[in-house]
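Chain order of the listed sequences is Y and R. At position 167 of the first sequence (counting the first as 1) the number is 167 in the working numbering, and the numbers step up by one without a gap. With positions in the second sequence counted from 1, the corresponding number in the working numbering is that position plus 1000.
Number of protein chains: 2
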Amino acid sequence: MASHSQTQRPSGGPDHSPFTVALDAMGGDYGPGEIVPGAIQAARDLGVGVLLVGDEGLVRQALARHSLNGLRLDVVPSQGVIEEMDHPLAAMREKPRASVVEAARLVKAGRAQAMVSMGSTGAAMATSALVFGMLEGVERPAIGGPVLAPLSNAVLLDLGSNVDCRPSQMLGFGAIGVAFARRVQGVHNPRVGILSVGSEEGKGNRQVKEVYHLFKQSSLNFVGNVEGIDVFGDKADVIVCDGFVGNILLKFTEGLGTALARRLAEAASSALPASAMHLLGAELSSMTNAVDLAGGGPLFGVNGIAVIGHGRSRAPSIARAVALAKRAVDFGLVEAMQQELAAIQGQIKREAPEGPP
Amino acid sequence: MASHSQTQRPSGGPDHSPFTVALDAMGGDYGPGEIVPGAIQAARDLGVGVLLVGDEGLVRQALARHSLNGLRLDVVPSQGVIEEMDHPLAAMREKPRASVVEAARLVKAGRAQAMVSMGSTGAAMATSALVFGMLEGVERPAIGGPVLAPLSNAVLLDLGSNVDCRPSQMLGFGAIGVAFARRVQGVHNPRVGILSVGSEEGKGNRQVKEVYHLFKQSSLNFVGNVEGIDVFGDKADVIVCDGFVGNILLKFTEGLGTALARRLAEAASSALPASAMHLLGAELSSMTNAVDLAGGGPLFGVNGIAVIGHGRSRAPSIARAVALAKRAVDFGLVEAMQQELAAIQGQIKREAPEGPP
Chain Y
1 MASHSQTQRP SGGPDHSPFT VALDAMGGDY GPGEIVPGAI QAARDLGVGV LLVGDEGLVR
61 QALARHSLNG LRLDVVPSQG VIEEMDHPLA AMREKPRASV VEAARLVKAG RAQAMVSMGS
121 TGAAMATSAL VFGMLEGVER PAIGGPVLAP LSNAVLLDLG SNVDCRPSQM LGFGAIGVAF
181 ARRVQGVHNP RVGILSVGSE EGKGNRQVKE VYHLFKQSSL NFVGNVEGID VFGDKADVIV
241 CDGFVGNILL KFTEGLGTAL ARRLAEAASS ALPASAMHLL GAELSSMTNA VDLAGGGPLF
301 GVNGIAVIGH GRSRAPSIAR AVALAKRAVD FGLVEAMQQE LAAIQGQIKR EAPEGPP
Chain R
1001 MASHSQTQRP SGGPDHSPFT VALDAMGGDY GPGEIVPGAI QAARDLGVGV LLVGDEGLVR
1061 QALARHSLNG LRLDVVPSQG VIEEMDHPLA AMREKPRASV VEAARLVKAG RAQAMVSMGS
1121 TGAAMATSAL VFGMLEGVER PAIGGPVLAP LSNAVLLDLG SNVDCRPSQM LGFGAIGVAF
1181 ARRVQGVHNP RVGILSVGSE EGKGNRQVKE VYHLFKQSSL NFVGNVEGID VFGDKADVIV
1241 CDGFVGNILL KFTEGLGTAL ARRLAEAASS ALPASAMHLL GAELSSMTNA VDLAGGGPLF
1301 GVNGIAVIGH GRSRAPSIAR AVALAKRAVD FGLVEAMQQE LAAIQGQIKR EAPEGPP
């Protein structure tokens, strides 16, 4: 397994101020109806403070249904929501006080240490990039993490919107993944692999062949190419791929899990009691939808902690996303990313960006 | 579901000569020990003739353990085996009478109508390409098929060695997939999609964006981009991807199935009897290793039928591979591929190949 015992302490020294999260109360498919119970669960179970950012009336109405005794919960009003269908940058201009933007500003202003949103991934990425800024050496936020846990602890990235990546971007993903594996997962000297169609050097497409040499010469603990099957074989702690491949894999996994659960129910229902089949279906779905299981993933490469979750998240997933955000802050993920990126800076030759950023 | 009722007849007119397969008796992890029982099962259950191509002594020794009464089985001696580790083209020169090469020659000479091998995929591809020749408009063999059945009936290709594909190659995959879906699966007007990271036009990497326009202008029944989750959503009957993505997906699926089965056993073993867990594990493994379940896949784009199976295949999978080869011949797959490729020829602008073929 990828987890080792030597969990490290954050480099910036312990921060004794109580952790507060800025939670986008309007994001996700269910809005305040699920976000507010999630916030309450996080405040109660983790002892964290939660700033609920959203339409004040709606949020207070959802809060009114619960007992808030002793919980650190507050409402910060915002105006408007950036929807999944909106173009993120245009929407930020049109709705400058949208919930996700206000949440990011609370972090920037120091009123919260991290933000969490179940809303549009594009909006959270654009907001984080603009409000927090990018880390040195990174052009655009990446997403990823141990999304296949508990089937695999490997940190996969990019699973998002970075397609046709240049070698320097891929090397950056490696450094960022190492920061996550080292700090959040406590892996001592994370092994980094490139996802490809064969494990030998020279196997792969043009991109992989180019990237291979850069990784080999870098300071990363590079273990070479890994194949699709190796994602589950503990061959690497961090697996780097172009966002085109990663995003297809992520969505493919979700579809496969759902299809397997359905098929298994058909195939075995005569042999097993209904309760057992229900249990199995739920296990299968949750194991292949691990983004939801973990509550979400942190945005990588931005100068602050933003955790984005699945739009379908219910209250428990929202609480888990807050827990992940707290862990990322406690473990100094941003500082760790900065350090790992700085370590590889010398190895990245500055290439001219191709196409618009 | 993708299957429709209008199964079509082969265009070349019915062939009343009894079907005979040339079976590479030396290929696969178990050699004649599993290939021979597989051949016997195929000869008995399907009434087909089987030419077992391999080391005569070893094959006859394996045959001696069985009753062959009334079966059309024969041995064709060959010398040497091309191993998984060999470089296919070099090995073909060094072992010109290797089992897989002799099997292809039997088809070329008309002594068999199709070949089946569980040996090196590279060797089967190189041999088929050289002995059968390529179909007009195709440069290199592709692999694929409904490999995720019964979870999805979509024909996926390329899952093999075609990486950094040019648009014309991708369009060729589309035509080939249509031929398979139409003839072998009986789909009336197969819908063709491109695997990408978003369903909208304009979503994807450079390759997909380029390919999208070519598909849109083609005579294919193009339904646009499909996402990873859509592979299981009956959005397209044929899904085209670069072999880099396809091969990663194929191997990823195998790893995920194995990991899920193991994890499910841990998670549910206390709630379920051991026999039920065993059943579930087997179901899961087989459903995510559908190449093995179908016995294998046909090589696409070559001028003849060659079915290649998993090296780990046991006798029942080998018999299924023979059945698939027979079906491909009965349904006129090669002629159908030729027709579909001819139909798109006008739409393929001749590009200069990049890099060595």
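We put the CB at the ideal spot given by N, CA and C, even for glycine.
Under the 8 Å criterion on CB atoms, residue 1089 of chain R is classed as non-interfacial with respect to chain Y.
Between the C-alpha atoms of residue 1135 of chain R and residue 1178 of chain R there is a straight-line separation of about 15 Å. Within the model, the alpha-carbon separation for residue 26 of chain Y versus residue 246 of chain Y is close to 28 Å. Against chain R, the CB of residue 251 of chain Y has a partner CB under 8 Å away; the residue lies at that interface. For residue 1108 of chain R, the closest C-alpha among the options R:1302, R:1310, R:1167, R:1239 is that of R:1302.
Using a Cβ distance threshold of 8 Å, residue 162 of chain Y and residue 243 of chain Y count as a contacting pair. Residue 1297 of chain R and residue 1324 of chain R have their C-alpha atoms spaced approximately 8 Å apart.
The beta-carbon of residue 210 of chain Y is placed no less than 8 Å from the nearest beta-carbon of chain R. Using a Cβ-Cβ cut-off of 7 Å, residue 1259 of chain R is close to 151, 152, 232 of chain Y, given in chain order.
Separation of residue 1332 of chain R and residue 1183 of chain R (C-alpha to C-alpha, rounded to the nearest whole angstrom) is 7 Å. Contact note: residue 1263 of chain R reaches chain Y through 150, 151, 283, 287, using a C-beta cutoff of 9 Å and chain order. Taking 7 Å as the Cβ-Cβ cut-off, the stretch 153–165 of chain Y approaches chain R at 163, 164, given in chain order. Against chain R, a Cβ distance below 9 Å from residue 308 of chain Y picks out nothing, because the smallest value is about 16 Å. In the displayed model, residue 334 of chain Y falls within a helix according to three-state DSSP. The stretch 1111–1159 of chain R is shown to contain whole beta strand (DSSP E) runs of 3 or more residues at 1114–1117, 1142–1145, 1155–1157, in chain order. If you draw a straight line from the Cα of residue 250 of chain Y to the Cα of residue 1189 of chain R, it is about 30 Å long. Residue 112 of chain Y places its beta carbon 8 Å or farther from that of residue 39 of chain Y. Its chain contains no residue whose beta carbon lies nearer than 6 Å to that of residue 1055 of chain R once the 5 sequence neighbours on both sides are disregarded.
Under the three-state reduction of DSSP output, residue 1045 of chain R falls in the helix class. The residue from Y:316, Y:322, Y:313, Y:314 with its alpha-carbon nearest to that of residue 307 of chain Y is Y:322. Contact note: residue 228 of chain Y reaches chain R through 1247, 1248, 1249, 1250, 1251, 1252, 1253, 1254, 1255, using a C-beta cutoff of 8 Å and chain order. Rounded to whole angstroms, the gap between the alpha carbons of residue 1334 of chain R and residue 1030 of chain R is 30 Å. At the C-beta level, residue 1225 of chain R and residue 1208 of chain R come within 8 Å of one another. Each residue's CA atom was taken as its position, placing residue 1138 of chain R and residue 1127 of chain R some 16 Å apart.
Between residue 1206 of chain R and chain Y, the shortest Cβ-Cβ separation is below 8 Å.
If you draw a straight line from the Cα of residue 211 of chain Y to the Cα of residue 173 of chain Y, it comes to about 12 Å. Restricted to the stretch 161–217 of chain Y, the alpha helix (DSSP H) segments that are unbroken, complete and at least 4 residues in length are 167–183, 206–217, listed in chain order.
For residue 1197 of chain R, at least one C-beta of chain Y is nearer than 8 Å to its own C-beta.
Against chain Y, the CB of residue 1244 of chain R has a partner CB under 8 Å away; the residue lies at that interface. Here residue 1061 of chain R is exposed. Its C-beta has fewer than 16 other C-beta atoms within 10 Å. In this chain, the alpha helix (DSSP H) harbouring residue 1103 of chain R covers 1099–1108.
Counting along the chain, residue 68 of chain Y sits inside no alpha helix (DSSP H), nor does DSSP assign it H or E at all. If you look at residue 1220 of chain R, you'll find it isn't in any alpha helix (DSSP H); DSSP assigns it neither H nor E. As computed with DSSP, residue 1020 of chain R is found in a beta bridge with R:1049.
Excluding residues up to 5 positions away in sequence, nothing lies with its Cβ nearer than 6 Å to the Cβ of residue 205 of chain Y in the same chain.
Separation of residue 191 of chain Y and residue 223 of chain Y (C-alpha to C-alpha, rounded to the nearest whole angstrom) is 6 Å.
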